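Student:
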Amino acid sequence: MSPPAPHQAAVDLIHRCIERCGLCLGLVGLARLRVAQVHGCDARIDAHFLSLIDAGFSIEKLVLVSDWREAGAALQPQEQAVLSWAEALARRGSTPAPDALYQEVLALMGQEALVGLSLAIALENALSQSFQTPAQAGHRLQPHVVGKDRP
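First residue of the sequence shown? That's 1 in the working numbering, and the numbers climb one at a time after it.
Quick look at the structure:
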């Protein structure tokens with residue numbers, strides 16, 4: 001078996017780092033779904049939606065993600081914090097994420113989990129944006145499936 005392409009090897013390494021941060025992979029999946037929604041990347045939205053269903057999330061909960069601020073008690077505080085952080089990093093442009101939000105998410109998750117979440121969001125930002133460009137033969141990355149072992 002030949003080694004993975006360099007870009008896929010880098011993605012796999014980032015996934016392993018995220019998995020070691022102690023963050024629930026379902027929360028990572030919610031963040032990825034929200035980032036893909038922010039970027040309007042249908043392929044990534046579909047992949048994350050199906051992955052989260054496979055991981056045990058209800059369709060009812062997942063349809064709330066796009067308008068999560070209106071979901072109220074249907075989403076747990078940690079889920080709301082993850083979605084808020086995902087939006088802040090996906091939309092930030094040249095504006096840093098708000099310090100108050102950082103402190104809120106840090107208090108709920110801890111430093112190591114916040115680092116893992118931020119890595120996942122940064123990777124999803126890159127992938128969602130790259131999937132919006134015309135596909136180049138042989139250069140598609142495989143979506144990461146929440147809770148599944150990677151080969």
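Ideal Cβ placement from N, Cα and C applies to all residues, glycine included. From a predicted model like this one, the values you see are computed outputs, not experimental measurements.
Are the stretch 52-65 and the stretch 21-39 touching, with three or more C-beta to C-beta distances below 8 Å?
Tutor: They touch, by the three-pair rule.
Student: Under 7 Å Cβ to Cβ from S128, same chain only, skipping five residues before and after it: list those, please.
Tutor: The answer, listed in chain order, is V35, A36, H39, C41 and R44.
Student: DSSP on C152, reduced to helix/strand/coil?
Tutor: This structure cannot settle anything about residue 152, because the visible part of the chain is limited to 1 through 151.
Student: May I have a chain-ordered list of the beta strand (DSSP E) segments no shorter than 3 residues that lie completely inside the stretch 86-115?
Tutor: As far as the stretch 86-115 is concerned, it has no whole beta strand (DSSP E) run of at least 3 residues.
Student: Tell me the DSSP secondary structure of V82 in three-state form.
Tutor: Helix, per DSSP.
Student: Taking the alpha carbon of R20 as the reference point, which residue from A126, V115 and N125 has its own alpha carbon closest?
Tutor: Here the closest residue by C-alpha is V115.
Student: Could you give the distance in angstroms between the alpha-carbon of L119 and the alpha-carbon of L83?
Tutor: Computed Cα separation, rounded: 14 Å.
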